[in-house]
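What follows is one structure encoded as structure tokens, with my remarks underneath.
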Amino acid sequence: MTYSEKLKDPRWQRKRLEILQRDGWKCVVTGLSNQTLHVHHKRYFGNPWDCPDEELETICEPVHSIISPCASVIRRELPGFSVGAKTVFNAMCKTLDDHPDEWSMSLFHLRVQLVILKQLCDQETQSHTQRSRTVQEMSETKD
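Letter by letter, the sequence shown follows residues -7 to 135 of our numbering.
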């Protein structure tokens, strides 16, 4: 069975839904809920559904696309190391901030992706704030 076929297996689908629900249907890195969500394996344990819950986390597609190449290198260089999305993401942002002149053009594209992701987070925060205000205003008019 290929890995792609394993991801369609009912055992993985059930586990995936449990992790999404546990994480409140939001990215654990950005808090975004309005993007496609992935369940990220910090470490691999044979079949996807065999992975312990604490080694799985919900991340949005933009974060997944940014951290995947870095996580692959970490897994290759440090076998068995638990690669949490938030840890990788924060380390990448810190490195960008600490050494902005040392980045190549390909990493410039990474910085652009990070800026776009921050804008998505800001939009989600503004949208959430607006919804909260509307609910508050509705409850005040009822009183």
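We put the beta carbon where it would ideally sit given N, CA and C, even for glycine.
The beta carbon of cysteine 43 lies closer than 8 Å to those of Lys7, His33, Arg35, Tyr36 and Phe37 in the same chain, with the five residues before and after it left out. Boundaries of the alpha helix (DSSP H) around leucine 9: 2 to 14. The DSSP-derived three-state label of valine 21 is coil. For glutamate -3, the uninterrupted alpha helix (DSSP H) segment begins and ends at -5 to -2. Within a 10 Å sphere around the beta-carbon of leucine 48 sit 16 or more other beta-carbons, which makes this residue buried. With a minimum length of 3 residues, the unbroken runs of beta strand (DSSP E) contained wholly in the segment 23 to 50 fall at 29 to 33. Under the criterion of beta carbons closer than 8 Å, arginine 3 and tryptophan 41 qualify as touching, at roughly 4 Å. Under the three-state reduction of DSSP, cysteine 62 is assigned to helix. In summary, glutamine 5 is exposed, with fewer than 16 beta-carbon neighbours lying within 10 Å of its beta-carbon over all protein chains present. Leaving aside the five residues that flank glutamate -3 on each side, none in its chain has a CB nearer than 7 Å to its CB.
One Cα belongs to isoleucine 11, the other to valine 20, and the distance between them is close to 11 Å. Take asparagine 39, set aside five residues on each side of it, and the residues of its chain with a beta-carbon closer than 7 Å to its own are Lys(-2), in chain order.
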